[in-house]
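Asks: Chains as they are written, first to last, in my numbering: chain A, 11 to 342; chain B, 1217 to 1532; chain C, 96 to 443. Think of the CB as a built atom: it goes at the ideal place given N, C-alpha and C, for glycine as much as any other residue. Just so we're clear, the structure is a prediction, and the values are computed from it rather than from any experiment.
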Amino acid sequence: MIRAESLTKLFPISRGRFKRATSLVHAVDGVSFDLPRGQSLGLVGESGCGKTTIGKLLVKLLEPTSGRILFASPPAKSGDAGGESVDIARIKGATVRNFRRHAQMIFQDPYESMNPRRVVLDTVAEPLQVQGIGASHERLDLVSGLLDRVGLTPAANFLFRHPHELSGGQRQRVAIARALVVGPSYVVADEPTSMLDVSIRAGIMNLMLELAQTQGVTYLLVTHDLAVARYMCQRIAVMYRGKIVEVGATEELLQDPLHPYTRALLSAVPVPIPGFRRQEVNIKGDASAAIDPPERCRFYDRCPLASVICLNSPHPTLAEKGPGHQVACHLV
Amino acid sequence: MTTDIEGRLWVRLAKARLALRGFREAWAIFVESRIGIIGLAIILFFGILIVAYPILMGTVWDRATYDPITGFAVDQAAQPAPPSRQHLLGTDPLGRDVLSQLMFSTASEFLLGITAAVVTVAIATSVGAVSAYYGGVVDLFFMRLADIIIMLPTISLLIVLTALFGLNLLQLALVLGVLSGFGSTAVVLKAQALSIMVKPYIEAARVAGGSRRHIIFVHIVPNLLPLSLLYMMFTVTAAIFSEAVLSYFGILNVRMSWGIMIHTASSSGYLLGGTKFWWLILPAGGAITLLCSAFYLVGRALDEVVNPRLRRQYGR
Amino acid sequence: MDASVDLAPCRLLRPALVVEDLTLRYLTRRGEVKAVDGVSFTLAPGQALGLVGESGCGKTSVAMSLMKLLPDNARLIRGRVLLGEHDLLTMTEGELRRFRWRRISMVFQAAMNSLDPVYRVGEQIVEAIENHNCEDSRQQARSRVSRLFGLVGLEPQMVDRYPHELSGGMRQRVAIAMALACEPDVIIADEITTALDVIVQDRILRELRLIQNDLQMSMVYITHDMAVVAEVTDRLGVMYAGKLVEMGDTSEVFGQPLHPYTEALLRSFPSIRGEKLPLIGLPGEPPDLIQTPPGCRFHPRCPSATEICRQKVPPKVQIGTHWADCWHPLAVTATGGRVPGDQIHGAN
């Protein structure tokens, strides 16, 4: 359904008012991946790795510096052929508005992602309204139905509430309703549970999983929490400094991590079992942003396995090391 | 399911009820701060003056004696006459009743203030929103314009303008509105608009498919309005005061206002008499001070409504 | 309610910190917020005690009470915080200055953002040392700072950096160094790794454990993350709606949770290891601390709640050093299943 090819997004760091940008942050650098229909993908990595940027690129909140994002709209009925592949990075004008029916986003902060002066009805109906879908009473029915389905029942109680009258979990449910109201093909979820209380997170995650089934939605889940990614996604892609270093089926990647960064990340996650001895986290140095990175492997200065090959060759490309399991490393 | 008309009516009704509740809650917060109530009380008092004037003119006062501009107090020996039973605040050097002048001018002062305020807010909100949204050249232009306006001393500019064109109250209000609207108020509202623009709900609106117009008018402007309302109050203050100063110099094309009252006293030399002719200055000066302060106090109280962080955490 | 006697394994008999019946309310426009209600626990020397709970459960308020850093609208209703024989809550500000930072100190959640941006980080710690008279001269203070930086894993040249030149993890380490500056007996760590990436978090947790062992320091570790608490703490207290609902050795609380809320918390955490179990959160909303529910504060969301839970405050059920306040505590049966264990009542 979605194929990203060599996606790159560079941000300039400006120096002086009249001088042109001398440095560029390589937030996303030549990233390629697939998001097949029905297979939710978890983009995991630490802060600054570029996962949020990719999420925004996929809903056209940002435009890529280079690369393509090919989107083939799924068939309207099963058995039909899907739509043609379109590079959404190139579309303009009215086509963009049509595209927005297919891609939506759930944001991290349940409170800040809603206009505090508008009520739930307006917030959830907004996508319908700006895209001119349905008459106003149809929109009312659609929104009410959706509110029921996300667990805000009876809908009539919630339609006219302001965000400050809702709890964190309720707000995020409204956000989910808004993302799904146009019936999108895929939804980018940017850390949807990280600002929620622990006991509420399970409810939201289960709701999202259930809706994925019933509404036929595929998620691109952006998160730093591997455990959440495991719970919600069939496939996981691990990012480091703007590049994907490993991607594969969730369980397999967790059982058999191949890239040294993935290994370090996995061994660093605390385990809720008292007395459990984790492996030593095998990584050197400190994280930093990818500003004007040299051509070699991005992980070189922190990699425990770094060798001469890694120093002298360009950044490794993703290579298949197992069924559906790709790794970008010279030494694996 | 519901039909279109039913649906729309029901939604409108629910929203009206919500608006009412919102107003009541805002009022409750407003009432808590005593300065707000004081300010409002003063404004109300002046409002009573506005209403009382035509009533008095139509009943107790006869036009020949009490008209603020053309009247003459035949019942007094010497002008200006100190306060007496027929003339509660005395008369001015031209024999006109001071109280009548005071009440007559109140309406025009209010109109002046509110016109200036509305014009300011309308312009500043638009400029702020557009500047913040489009950035780049547009922003640069409006901000430089604001810089120039702020740099220029307002009173001098007004003096020049009125010398050239002979401004009356309405024209003065418009000029003040435009100056303030493109000036400091625009800068403040643009800063606020910028802080709104980085909020995730703006991104959410874009992902939903919102056009530029939609985002500006549905999201940015309504969130600017509380702050705009606040600045309206301060503009009223500035307008009334500017008028007083300009009238004091006698250069406005106005026949009667509080400023003119002081001007009359001054140009006839009575200001130098110390406190002997207090009724020529105190009522007008007091009215200006009181009304300006009142709007300022209301503005401060509104600030607490608009800015939740300023509210006191616990009662009393 | 008297303090539970925690006979946890410890090297010395005299506890480092005793909290008795701590009760705190906040006055707000909407009413009195019963933020902390009757919280009692004991901290042995060298022990790490975890306080877990979600937002609004009162754990941060407890932390602030321990340091007596309370806002104006806070009202201490009753309770004692004993450091040795001294009750911190009855002290004046002047008396407290001798205790804060020297006997008990704190690392705040936003510590990395609370460093003054216009001063170098080394200077800020030197200033803290001088303010609390932990060293005799500036020279000695400076050398202490160098030692502290080494202790928290920061390179010596970082002393002259400004906060904005350091990463989040480094700044958090500076904050920890500052809390350690006067070698207190007790450190309170409030969500210190919540905002950090997992690799940095791992590093800091390891360092903290080493420091704790070296200096024989006691620690109160406040967090909502059950995984972190499993790794770092010896004893664990679970808070809900301002009350301590369960307390015991960490391994016991994890292995045999007595309180339904504890179990719900444990079942809410997805894990990257082991079987992929379906997560069960809690229904309903976090409790309103102004109009608290009658009886047991957890009953509106509790799967085992019955009539008595709605009416009467639950009793303490104790097994050794592990207790919970519940009418229907959970227990492990012979088959390994979980049943409401009324038969455990009063066992000691």
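With three or more beta-carbon pairs closer than 8 Å as the criterion, would you say the region 1451-1469 of chain B touches the region 1374-1393 of chain B?
Replies: Touching, yes, given that three or more Cβ pairs across the two stretches are closer than 8 Å.
Asks: Listed from N- to C-terminal order along the chain, which residues in the region 298-315 of chain A have their beta-carbon within a distance smaller than 9 Å of any beta-carbon of chain B?
Replies: Listed by position along the chain: nothing, the set is empty.
Asks: For a contact defined as C-beta to C-beta under 8 Å, what are the partners of V1227/B on chain A?
Replies: Indexing the second sequence from 1 puts residue 1227/B at position 11. Ordered by position in chain A, the residues that pass the 8 Å Cβ test against V1227/B are L131, S146, L150.
Asks: Is the region 145-153 of chain C in contact with the region 185-195 of chain C, if contact means three or more CB pairs nearer than 8 Å?
Replies: No, the region 145-153 of chain C does not touch the region 185-195 of chain C.
Asks: Identify the residues that DSSP records as bridge partners of V113/C: which are they?
Replies: For this step, residue 113/C is matched to residue 18 along the third sequence. Beta-bridge pairing links V113/C to T137/C, L177/C.
Asks: Distance check for V191/A and V227/A, CA to CA, integer angstroms please.
Replies: Residue mapping note: residue 227/A aligns to position 217 of the first sequence, counting from 1. Residue mapping note: residue 191/A aligns to position 181 of the first sequence, counting from 1. In a straight line, the C-alpha of V227/A is about 12 Å away from that of V191/A.
Asks: Please report the straight-line C-alpha distance between T75/A and T63/A, rounded to a whole angstrom.
Replies: The sequence position of residue 75/A within the first sequence is 65, counting from 1. The sequence position of residue 63/A within the first sequence is 53, counting from 1. If you take the alpha carbons of T75/A and T63/A, they lie about 12 Å apart.
Asks: Please determine, among N167/A, S204/A, K66/A, H335/A, the residue with the shortest C-alpha to C-alpha distance to D266/A.
Replies: Position 256 of the first sequence holds residue 266/A. For D266/A, the nearest C-alpha among the options comes from H335/A.
Asks: Can M273/C and I220/C be called in contact, C-beta distance under 9 Å?
Replies: Position 178 of the third sequence, counted from the start, is the residue given in the question as residue 273/C. Position 125 of the third sequence, counted from the start, is the residue given in the question as residue 220/C. Cβ distance < 9 Å, so M273/C and I220/C count as in contact.
Asks: Helix, strand or coil for Q219/C? Go by DSSP, reduced to three states.
Replies: Here residue 219/C is taken as the residue at index 124 of the third sequence, counted from 1. Note: Q219/C maps to helix in three-state DSSP.
Asks: Can you tell me whether P409/C is buried or exposed, with buried defined as 16 or more other CB within 10 angstroms of its CB?
Replies: Translated into the one-based positions of the third sequence, residue 409/C becomes position 314. Result: buried.
Asks: Starting from S42/A and walking both ways along the alpha helix (DSSP H), at which residues does that stretch end?
Replies: As a working note, residue 42/A is residue 32 in the first sequence. That residue, S42/A, is in no alpha helix (DSSP H); its beta strand (DSSP E) goes 33-45.
Asks: Using the rule of at least 16 other Cβ atoms within 10 Å of the residue's Cβ for burial, across every protein chain shown, is I1285/B buried or exposed?
Replies: Walking along the second sequence from the start, residue 1285/B turns up at place 69. With fewer than 16 Cβ atoms within 10 Å of its Cβ, I1285/B is classed as exposed.
Asks: Please report the Cβ distance between L341/A and S323/A, rounded to the nearest whole angstrom; I am assuming they are in contact, meaning their Cβ atoms lie under 8 Å.
Replies: If you number the first sequence from 1, residue 341/A lands on position 331. If you number the first sequence from 1, residue 323/A lands on position 313. Contact flag wrong, Cβ pair sits at about 11 Å.
Asks: Compute the beta-carbon to beta-carbon distance between D132/C and K338/C, rounded to the nearest angstrom, for a pair I have assumed lies under 8 Å.
Replies: If you number the third sequence from 1, residue 132/C lands on position 37. If you number the third sequence from 1, residue 338/C lands on position 243. Contact holds; Cβ gap of about 5 Å.
Asks: Assuming F2/A and I101/A form a contact by the criterion Cβ under 8 Å, report the distance between their Cβ atoms to the nearest whole angstrom.
Replies: The shown model of chain A, from 11 to 342, leaves out residue 2/A, and the question about it has no answer.
Asks: Classify K1492/B: buried if its beta carbon has 16 or more other beta carbons within 10 angstroms, exposed otherwise.
Replies: Your numbering for residue 1492/B matches position 276 in the second sequence. K1492/B should be labelled exposed.
Asks: Is M1217/B close to chain A, meaning its C-beta is less than 9 Å from at least one C-beta of that chain?
Replies: Stepping through the second sequence from its first residue, residue 1217/B is reached at position 1. Only weak support exists for where M1217/B lies, its pLDDT of 49 falling under 50; the value from the coordinates is given anyway. For M1217/B, the answer is yes, since a Cβ of chain A falls inside 9 Å of its Cβ.
Asks: Taking all protein chains shown into account, do 16 or more other C-beta atoms lie within 10 angstroms of the C-beta of W418/C, making it buried, or fewer, making it exposed?
Replies: Numbered from its first residue, the third sequence carries residue 418/C at position 323. Classification of W418/C: buried, given that the 10 Å Cβ count is 16 or more.
Asks: Tell me the DSSP secondary structure of L1229/B in three-state form.
Replies: Along the second sequence, read from residue 1 onward, the residue named residue 1229/B stands at position 13. Three-state result, L1229/B: helix.
Asks: In this structure, how does DSSP classify W1494/B when only helix, strand and coil are distinguished?
Replies: Here residue 1494/B is taken as the residue at index 278 of the second sequence, counted from 1. Looking at W1494/B - three-state DSSP - the assignment turns out to be helix.
Asks: Using a beta-carbon distance cut-off of less than 9 Å, what residues from the region 212-235 of chain A approach chain B?
Replies: Taking 9 Å as the Cβ-Cβ cut-off against chain B, none of the residues of the region 212-235 of chain A qualify.
Asks: Whose CA, out of L68/A, L176/A, D39/A, I143/A, lies closest to the CA of F21/A?
Replies: As a position in the first sequence, residue 21/A is number 11, starting the count at 1. Checked all of L68/A, L176/A, D39/A, I143/A; the closest Cα to F21/A is D39/A.
Asks: Quick one: does H335/A have its CB under 9 Å from some CB of chain C?
Replies: Position 325 of the first sequence holds residue 335/A. No - not a single Cβ of chain C is within 9 Å of the one on H335/A.
Asks: Counting only Cβ pairs nearer than 7 Å, list the residues of chain A close to G1223/B.
Replies: In the second sequence, residue 1223/B corresponds to position 7, counting from 1. Those are S146, H147, L150, listed as they occur along chain A.
Asks: Could you name the residues of the same chain whose beta carbon sits closer than 8 Å to that of L310/C, not counting the 5 residues immediately before and after it, in chain order?
Replies: Reading the third sequence from its first residue, position 215 is the one you call residue 310/C. Answer for L310/C: L275, E278, listed in chain order.
Asks: Which of helix, strand or coil does DSSP assign to A400/C?
Replies: Along the third sequence, read from residue 1 onward, the residue named residue 400/C stands at position 305. A400/C: coil per DSSP, three-state reduction.
Asks: Anyone know if the C-beta pair for V281/A and A322/C falls short of 9 Å?
Replies: In the first sequence, counting from the first residue as 1, residue 281/A sits at position 271. In the third sequence, counting from the first residue as 1, residue 322/C sits at position 227. Yes. Within cutoff.
Asks: Contact defined as beta carbons within less than 8 Å: I believe V327/C pairs with R298/C. What is the distance between those atoms, to the nearest angstrom?
Replies: Along the third sequence, one-based indexing puts residue 327/C at 232. Along the third sequence, one-based indexing puts residue 298/C at 203. Not really, about 13 Å apart at Cβ, beyond 8 Å.
Asks: Looking only at C-alpha atoms, which of T155/C, L384/C, S346/C, V324/C sits nearest to V57/C?
Replies: Shown here, chain C extends from 96 to 443; a query on residue 57/C therefore has no answer.
Asks: Helix, strand or coil, according to DSSP, for L1518/B in the structure here?
Replies: Taking the second sequence and counting its residues from 1, one reaches residue 1518/B at position 302. Of the three classes helix, strand and coil, the one that applies to L1518/B here is helix, per DSSP.
Asks: Since H1435/B meets chain A, which of its residues come closer than 7 Å, beta carbon to beta carbon?
Replies: For the purposes of this step, residue 1435/B is taken as the residue at position 219 of the second sequence. Ordered by position in chain A, the residues that pass the 7 Å Cβ test against H1435/B are N125.
Asks: I'd like to know whether the C-beta of I23/A is nearer than 9 Å to at least one C-beta of chain C.
Replies: Counting from one through the first sequence, the residue named residue 23/A turns up at place 13. Chain C contact via Cβ: absent.
Asks: Leaving aside the five residues before and after G126/C along the sequence, list all residues of the same chain whose C-beta is less than 6 Å from its C-beta, in chain order.
Replies: For the purposes of this step, residue 126/C is taken as residue 31 along the third sequence, with counting starting at 1. I385, listed in sequence order.
Asks: Please report the Cβ distance between L206/A and G178/A, rounded to the nearest whole angstrom; I am assuming they are in contact, meaning their Cβ atoms lie under 8 Å.
Replies: The count along the first sequence starts at 1 and reaches residue 206/A at position 196. The count along the first sequence starts at 1 and reaches residue 178/A at position 168. At roughly 5 Å, the Cβ-Cβ gap stays under 8 Å, so L206/A and G178/A are in contact.
Asks: Taking a Cβ distance cut-off of 8 Å, strictly less, list which residues of the region 1409-1428 of chain B are near chain A, in chain order.
Replies: Per Cβ criterion, the list reads K1415, P1416, Y1417, E1419, A1420, A1421, R1422, V1423, A1424, G1425, G1426, S1427.
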